[in-house]
Amino acid sequence: MKKGILTAVLAALSLATTPVASWASTPHAPLTVTADAAPSIAITSVGEATLAPEKDLTLEVTITNPTSRPLSISALNLRAQVWPASNMSQITAWMNGDLFGYQLRRVKADLDISAGQSTVQKITVPRKDINWKNTAQFWGPRGIAVDAVVSQDLVLTDYSYLVVTPDSEIPQSNITTVVPVVDDALVTPQTPYELVQAALNPPETTNKPADADKLSGWDIPGVTLLADPALTRPATLKNVEYHALPANDADLAALVHANATDRLHQFITSDNDVYVPAGNTDMATLRAVRAAGMTSAIISDSQIPQTGPVTYTEHAHTTIDIDGTPMTVLTANSALSHAVTGTLADGDTNLALDQLDRRQVSLAMSAVLYRQQPSNQRDVVVVADRATAAQTDTEAIRETLTSLAQAPWNHASSINQILRTPEEHYEAEALPETVTNPGEFGAQQLAVFDKATAHARQVKSLFEESSAVDQLFKAHSDAFFSTHWRTHPDQRDSFVARLGNIDKAALKVETSSTINLISESSALPIHVSNAYDYPVTITVKLDVPDTRLHALNPTTTTIPAKGTESVLLPVEAWGSGDLDVKVLLTSDDGTPVGNPATVPVRVRANWENMGTIVIAGSIGVLFLIGVFKSIRNGRRSKPVDAQVAIRALHQRARTATSSPDSDQKLSEDSE
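FYI, in mature numbering (1 follows the signal peptide of the UniProt record, and there is no 0) the residues of the sequence shown are -24 to -1, 1 to 647.
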């Protein structure tokens, strides 16, 4: 931790405790210090993580001069705490510069640092010059500080810690650090069609899962790994205990607070035995997750502080009464958990710890917990937040966790090992019934999400069924429930909006001229185009507000990719007139998937019947006219008397018999 500049008061105190000569004078002009370009000092090394018996103390400090003037350092003073820190408050006070301690060493420097340059200085104190004892009673964490004296009015100071280890073996305390590992990248918002494209045309993948290193990098003794089951679990994990988080690291607390406990089983499986909340928890959430199958939980001790006088930190394994039934709980030490991830809480202020201080302060706090009751070893649980595995300085965190596991007073353990130890019960403040964490989704956001997913499912149903599409849709939509969105609620809203976005311009009704309808029962020809790269099956129906035209059943049809299809929609005409008929393109459940269009229709429902009647009537009229004329004009020749005709025939017959030529003629005629 960097305390860049102290006032002349600290310089005067340092002078008062310095037994040797005063500082050398500086020939340079007075140094100008600005807020954005101030000289600083940093302790960059304390040698080994802990100071073993008979080992000298060796420090390295880096002094940086970012100003435009040279910087002169006349002396380096090394200070230390008089007694080992016995509680967390003393550690915080020392790192915050509120304690002075005593001067352990003064080194005459006479350093000149050019503008924009830095220098590294080593300070070594022989062990014989250090009166720190290593006995079981006096070993422990001691604050150290280095002052770089610029002038009587300007002293640069940095603080850190080191732990003096005992000179004999001591019983060890179990310690484990719970590291939740989740996919740190926010899911990219995508429309339903973009998901279809991604599923049907997946990108090429390598043989090695891209997320394999996310877990293998935490294979450290003393670490309990809680991972999103979507991350690939390496087969090479040897040192850690593995537990699965709920799928997508689902925000179970938000589901409980949104009265959606029936959805917990969507994310909790038999592999999820330990509940590690993201943030604060409450009785309602613990009750719900226990009912869903999670038998234990890890809760920060800041949420269930001990009541009454507190002289030491209790054993981590305890229980909480929920509706008369105890639930197994591991209490995580909040101060040590913050330190491991680089933060030192000081009231309402959080002090950032650099890589070295993170390790040294964590070791100091761990030693304090042990020394509170050396004869009554209590197991310690540390919980890293979910952002830990995604930080750029994960190497510093790994170094810290390794140092904690290797400290001579600690034994690298795990959640299951600590759960097998006896429970200890103590009086603690009760958890509230309900606590809502910032950034949780609520019932209203959940309802909007449900509507969006319903729309997405309908778009998916337009395309040919595919298990790849189904799997991708589920994985993508389930990402909404991730706790990762808590820090990005606006982006979660954008994710939902895009998920429910239907590109209605991709399916459209082509512009049509007026359709003439002259029959009572007919079909309207509608041309529908598809701009998607894949065939779609849609429902086309009419919305006719006028009673003169009645639309019958909608028509379901398949439109080819990048093509157009003519669809015949059956109708009945009950009148005549010019109408504007609305054409709707929907999914099978009626969700609009294309923009509605208006088609002009001219309805003449009786024209066909009237035409038939007119033609038939015309033919009948012509027939009647002909008959009438025939009757009116009468016969063209007079009728012949029957007796006269008979006599004429007999006369002809006699004449033919009496003539020989007539026989021949009759014979020829017969032939």
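Just so you know, even glycine gets a beta-carbon here, dropped at the ideal spot from N, CA and C. Since the model is a prediction, treat every value here as computed from it, not as a measurement.
Sorted by chain position, which residues of the same chain lie with C-beta nearer than 6 Å to residue i's C-beta, five sequence neighbours on each side aside?
i, result
"D509", "A537"
"V37", "I17, I19, Q97 and V122"
"Y346", "S149 and W385"
"residue 648", "Outside the shown range of the chain, which is -24 to 647, sits residue 648, and nothing can be said about it."
"T(-7)", "With a pLDDT of 37 at T(-7), under the threshold of 50, the modelled position of that residue is not reliable, and the figure given next carries that caveat. Result list for T(-7): R82, in chain order."
"A428", "V472, L475 and G476"
"T26", "V139 and T141"
"V125", "W(-2), S50, A51 and V131"
"D369", "none"
"T631", "none"
"P197", "N215, A381 and A388"
For residue i and residue j, which I take to be in contact (beta-carbon distance under 8 Å), what is that distance rounded to the nearest angstrom?
i, j, result
"R82", "N107", "With a Cβ gap of about 16 Å, R82 and N107 do not count as contacting."
"G418", "A234", "6 Å"
"S136", "D333", "5 Å"
"residue 649", "I535", "Outside the modelled stretch of the chain, which goes from -24 to 647, sits residue 649, for which no answer is possible."
"N215", "D189", "About 16 Å separates the two Cβ atoms, so there is no contact after all."
"S127", "N41", "No, S127 and N41 are not in contact; Cβ-Cβ is about 14 Å, not under 8 Å."
"E403", "Q282", "7 Å"
"N256", "V411", "5 Å"
"L201", "V158", "Rounded, the Cβ-Cβ distance is 11 Å, inconsistent with contact."
"I298", "G269", "About 15 Å separates the two Cβ atoms, so there is no contact after all."
"E30", "R118", "That pair is no contact at about 17 Å."
How would you write the range of the beta strand (DSSP E) that residue i sits in, first residue to last?
i, result
"M303", "T301 to A308"
"K558", "S552 to T562"
"P156", "S149 to V157"
"H452", "H452 -> not in any beta strand (DSSP E); alpha helix (DSSP H) instead, spanning S443 to D454."
"N386", "N386 to A388"
"T261", "That residue, T261, is in no beta strand (DSSP E); its alpha helix (DSSP H) goes M259 to A267."
"Q79", "Y78 to I89"
"I49", "L47 to A56"
"V359", "V356 to V359"
"I19", "S16 to S21"
"D134", "L130 to V140"
"P576", "A573 to R580"
"T34", "L33 to N41"
"V569", "Careful: V569 lies outside any beta strand (DSSP E) and carries neither H nor E."
"S276", "S272 to S276"
"D322", "T319 to D322"
"N326", "T325 to A328"
"H219", "E217 to A220"
"L162", "First-last for L162: undefined, no H or E at that position."
Taking 7 Å as the cut-off, is the CB of residue i close to at least one heavy atom of the ligand ADP?
i, result
"P29", "Questions concerning the ligand ADP fall outside what the structure shown contains, since it holds no ligand whatsoever."
Please list the terminal residues of the continuous alpha helix (DSSP H) segment that includes residue i.
i, result
"S338", "Q331 to Q348"
"Y169", "P168 to L176"
"T378", "T370 to Q382"
"K427", "A419 to L438"
"Q66", "M64 to M71"
"L395", "I391 to L395"
"V232", "L228 to H233"
Excluding sequence positions up to five away, which residues of its chain have a Cβ less than 7 Å from the Cβ of residue i?
i, result
"V516", "I502, V504, P530, T531, T533, V543, L545, V559 and L561"
"T487", "none"
"A11", "Residue placement at A11 is flagged as unreliable, the pLDDT there being 48, under the threshold of 50; a coordinate-derived value is accordingly withheld."
"Q336", "V22, S136, Y137 and L138"
"A372", "Q331 and R334"
"N477", "T167"
"L422", "A234 and A236"
"S310", "S276, D277 and S278"
"T34", "G23, K98 and T100"
"G318", "A328, L329 and R334"
Could you name the residues of the same chain whose beta carbon sits closer than 8 Å to that of residue i, not counting the 5 residues immediately before and after it, in chain order?
i, result
"V172", "V435, K436, F439, V445 and Y510"
"H314", "L320, A321 and N326"
"L312", "S338, M341, S342, L345, V356 and V358"
"A169", "Strictly speaking, residue 169 in this sequence is Tyr, with Ala absent from that position. Contacts found: V435, D479, A482 and Y508."
"V212", "The question names Val, yet the displayed sequence has Thr at residue 212. Closer than 8 Å at the Cβ level, and outside the excluded window around T212, lie S192 and D195."
"F604", "none"
If we define contact as Cβ-Cβ less than 8 Å, is residue i a contact residue for chain D?
i, result
"P178", "Checking the listed chains, one finds no chain D in this structure; it contains a single protein chain."
Are the segment 141 to 155 and the segment 386 to 397 in contact at 8 Å, needing three or more beta carbon pairs?
yes
Unbroken stretches of the beta strand (DSSP E), 3 residues or longer, contained in the segment 94 to 123:
none
Does the structure place the segment 462 to 474 close enough to the segment 488 to 502 that three or more beta carbon pairs sit under 8 Å?
The segment 488 to 502 is not in contact with the segment 462 to 474.
When you compare the segment 445 to 460 with the segment 221 to 241, are there three or more beta-carbon pairs, one atom per stretch, that lie closer than 8 Å?
Because the criterion of three Cβ pairs below 8 Å is met, the segment 445 to 460 and the segment 221 to 241 touch.
Whole beta strand (DSSP E) elements within the segment 471 to 552, 3-residue minimum
Taking only runs of at least 3 residues, the beta strand (DSSP E) segments lying wholly in the segment 471 to 552 are 483 to 485, 491 to 493, 497 to 506, 512 to 519, 525 to 527, 531 to 535 and 540 to 549.
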